[in-house]
Every structure is written in C-alpha cells, then in structure tokens.
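Going left to right, the sequence shown walks through residues 802 to 1169 as this note's numbering numbers them. Report on the following structure.
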Amino acid sequence: MLMLLVDTTGPLARAAETADRLMTADTFLGGTPERWLQAAAAAAFGVAVLWLLRAITEHRLAKLAEQTDTVADDFAIALVRGIRTSLFVFVALVGIDAFITFPPPADEAVRIVKILALVVQGFAWANVGVAFWLGQWARNNPQQSDRTTIAALGFGVRVALWTLLVLLALQNYGVNITTLITGLGVGGIAIALAVQNVLGDLFAALSIVLDKPFVVGDYVVVDKLEGTIERVGLKTTRVRSLSGEQIIFSNADLLKSRIRNYNRLESRRYLLQTTVALDTDTVHLSRVPDVFRQVIEGQPYVTLQRSHLVGSSLTGHEYETAFVVNHTDNNVAMDARQAILLRVYSEFAREGIRLASVEAVPLPRGSA
802 MLMLLVDTTG
812 PLARAAETAD
822 RLMTADTFLG
832 GTPERWLQAA
842 AAAAFGVAVL
852 WLLRAITEHR
862 LAKLAEQTDT
872 VADDFAIALV
882 RGIRTSLFVF
892 VALVGIDAFI
902 TFPPPADEAV
912 RIVKILALVV
922 QGFAWANVGV
932 AFWLGQWARN
942 NPQQSDRTTI
952 AALGFGVRVA
962 LWTLLVLLAL
972 QNYGVNITTL
982 ITGLGVGGIA
992 IALAVQNVLG
1002 DLFAALSIVL
1012 DKPFVVGDYV
1022 VVDKLEGTIE
1032 RVGLKTTRVR
1042 SLSGEQIIFS
1052 NADLLKSRIR
1062 NYNRLESRRY
1072 LLQTTVALDT
1082 DTVHLSRVPD
1092 VFRQVIEGQP
1102 YVTLQRSHLV
1112 GSSLTGHEYE
1122 TAFVVNHTDN
1132 NVAMDARQAI
1142 LLRVYSEFAR
1152 EGIRLASVEA
1162 VPLPRGSA
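Shown next, in the form of structure tokens:
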C-alpha cells in the first residue's frame, strides 16, 4: 500500500491557504475580487494606451523632424523618448485607484509610490532637457565649447532642478519644507563664505561661457600680458604667449581686468607719417596726397580716410595719411599696409619725389 505524506505546515501549504482565503474573502485591501479585476484591466489599459501613444508620437515626430530645421520637434522627440517605467507605474496606480478604495495604511503607501514615480519621471525629463540644451549650445558654438565647463554647467543646472523636485516631493509627503529651506539657506551662506574665492571663479567661468568676452583661439591683451586663449576651465583660463610660455589667469581676476580682444576687430586703422625732402617744390608737394589716394584706392579691403600736408620741420615736409583695412585678419591688414608703402615709394621714385634724409650735423669742438 502506497501512502503519500502531505506536509500541511510547510511554506507551500501556507501560501495555498493564504490564496484560498483571499479568493473566498469578500474584500482585499478595500476591493472585492470583481473590483480588483476591473482595476487590473484599467491599469493594463492605461499602460497599453501610454505605450501606444509614446510609439505613435515618436514615429510621427521623427518624420516631422526630417522635414524641418527647428529644434522644437527634436526637443519633443527627446521628451517622448525620455518617458521611463516610473510613468507607466504611475498610470497603472491611477487606474487601480479609480476602482479600489484602499484602507488608511495602504492608501498612504499608494500615494507615496505615485509621488515617487512622478519625481523619478521628473528627474528623467530634467536630465533630457539639460542634455538637449547643452548639446544644442555645443553644436551652435563648436569653436567655443569647452567640455569641462559645459559639463560643470550641466551638473549645476541638474542639481538645481533635482533639488526643486525633491523639495516638491517632500512637501507632498507632508514634510514642512520651510524649516528645511531655512536651514539650507543658512548652511549655504556658511559654505559660500568659506569657499567664496572658488565660487567667484566658478561664476566667472559661467559668465565667460555665456557672455563670451573671448573664446578659445582669440588673441587677447590683459594689462601688459598677451597671447592666445588655449582653454577656459572652471577656475582658471590658460593663455599661450607669443614667446611660448603658458600664462594662467584666475577667471575672477581675468574678468576684473581690461581685456583687449584683437579677434573681434572688424577693421584696423593705420596712420602713416611721411616726410619728404625740404627742397621739394610745390608742384611735387601737391602730388603727394594724390599718390597716396591713387595707391590706396587700388588696394582691396582698404578705405582712405585722409591724406594731408600737416607741417614742416628741419628734416622736411610732413604728411599724415589715414586709412582703414576692412578685414579681421591681421596678416591681411599688414600685407595691405606693406603693399601701399611699396607702391608709394615706387611712385615717388617715378615722379622724382625724395623722402627726407637725416644727415649727421658736425658738432663744435669740445662738445660732448
């Protein structure tokens, strides 16, 4: 005779007993079995609708983005793709909550889970928004973007958004955030006083990135130091001087200085001072401004402002000629200046106009 021994006290037996009790009970957590089936159907329907809406919206926005150059549709796609599982959990709980009236301990737990799900989704969308904005900024400013500074800027914005979301969540949990904000404010002031120099450099770096008084590659003069911007960091800006050494400026000190940015020059003005020989006759003297005018007007990017005889001295007759080179490249401006001088000297030689020469004057005997 075969006898089967059934364990009526083990875990499986207890689980079966619990399931049987739940199925035969009138209510469970405030809902009958029928209501729980309705709640489960509502939750599944809500999740399915959200998933379908996300897929359809992403597909249509992707097609629209291919036909437009705006960033609004790209940002919308990023937000749709940023939907996380937490939002599906929130939708499912809302569907269940519509059919089930939870008892006091359980309803508070459900409310907390829903708030937590929204906070997590808010974190995700905040990250998407910051990453999208910084990505657009870097693409629009490829020669100006510094990875370290952009990363720090993104981190600061994310921390601010996360702090706001956490405070909103705590307020919904019933926490009195007024006292918390006051404590954070006092602590923040103490920390700021302790690291004010570091914070000054950080805010200066932020100002440089956003306001752009200079960018990497610009040639700048700061007081008596000059060179090319190599890197803008969180605390310092590095400049490569003409002689080759690296000059390191504190960001805060740099912005307090007077900066001359030569890469922002749209034009360069030159003043040429020319002296011709004292024995030059008036006919040739009157020809000097005409020579400058003819030569300068034949040069590209160059505009003549004036050319005049301004006086005479023991060395000769003095002329001043002002012209503007309308080009941002200093090499182009110097080439134009050189070409003007060479052509003027050639015209002077052709017309017999001599430049003044300085001759040594013999001093009396005994002079020092």
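We put the beta carbon where it would ideally sit given N, CA and C, even for glycine. Because the structure is a prediction, the values reported are computed rather than measured.
**Asked** Buried or exposed: arginine 1069, going by 16 or more other Cβ atoms within 10 Å of its Cβ?
**Response** buried
**Message:** So the candidates are Thr1122, Phe889 and Ala893; which of them puts its Cα closest to the Cα of valine 1096?
**Reply:** Thr1122
**Request:** Tell me, to the nearest whole angstrom, how far the beta carbon of phenylalanine 1124 is from that of valine 1103; I am working on the premise that it is less than 8 Å.
**Result:** 6 Å
**Asked** For alanine 843, which residues of its own chain have a beta-carbon under 8 Å away from its beta-carbon, when the five flanking residues on both sides are left out?
**Response** Gly896, Ile897, Ala899 and Phe900
**Prompt:** If we ignore side chains and look at the alpha-carbon of each, how far apart do phenylalanine 956 and leucine 935 end up?
**Reply:** Cα to Cα, phenylalanine 956 sits roughly 11 Å from leucine 935.
**Asked** Which residue or residues does DSSP assign as beta-bridge partners of glutamate 788?
**Response** Since the first and last residues shown for the chain are 802 and 1169, residue 788 lies out of range.
**Request:** Taking the CB atoms as reference points, tell me whether alanine 1053 and glycine 1001 lie closer together than 7 Å.
**Result:** yes
**Message:** Pop quiz: alanine 879 and phenylalanine 933 are said to be a contact at Cβ under 8 Å. What is the actual Cβ separation, rounded to whole angstroms?
**Reply:** With a Cβ gap of about 5 Å, alanine 879 and phenylalanine 933 count as contacting.
**Asked** So, is phenylalanine 1050 buried or exposed, given that buried needs 16 or more other C-beta atoms within 10 angstroms?
**Response** Buried: at least 16 other Cβ atoms inside 10 Å.
**Prompt:** How close, in whole Å, do the beta carbons of isoleucine 1048 and leucine 1026 come, if the pair is a contact with beta carbons under 8 Å?
**Reply:** 6 Å
**Prompt:** Taking only runs of the beta strand (DSSP E) that begin and end inside the region 1064–1122, which ones reach a length of at least 3 residues, in chain order?
**Reply:** 1069–1077 and 1103–1113
**Message:** By the DSSP assignment, the alpha helix (DSSP H) with glutamate 1152 in it spans what residues?
**Reply:** Glutamate 1152 -> alpha helix (DSSP H) spans 1131–1152.
**Prompt:** Quick one: what's got a C-beta closer than 6 Å to alanine 1078's C-beta in the same chain, skipping five residues either side?
**Reply:** Gly1117, Arg1155 and Ala1157
**Request:** Name the two residues that bound the continuous beta strand (DSSP E) containing isoleucine 884.
**Result:** For isoleucine 884, no beta strand (DSSP E) encloses it, and the DSSP letter there is neither H nor E.
**Residue range of the alpha helix (DSSP H) that includes arginine 912** = 905–941
**Asked** With C-beta atoms as the reference, is valine 1017 less than 7 Å away from isoleucine 1030?
**Response** yes
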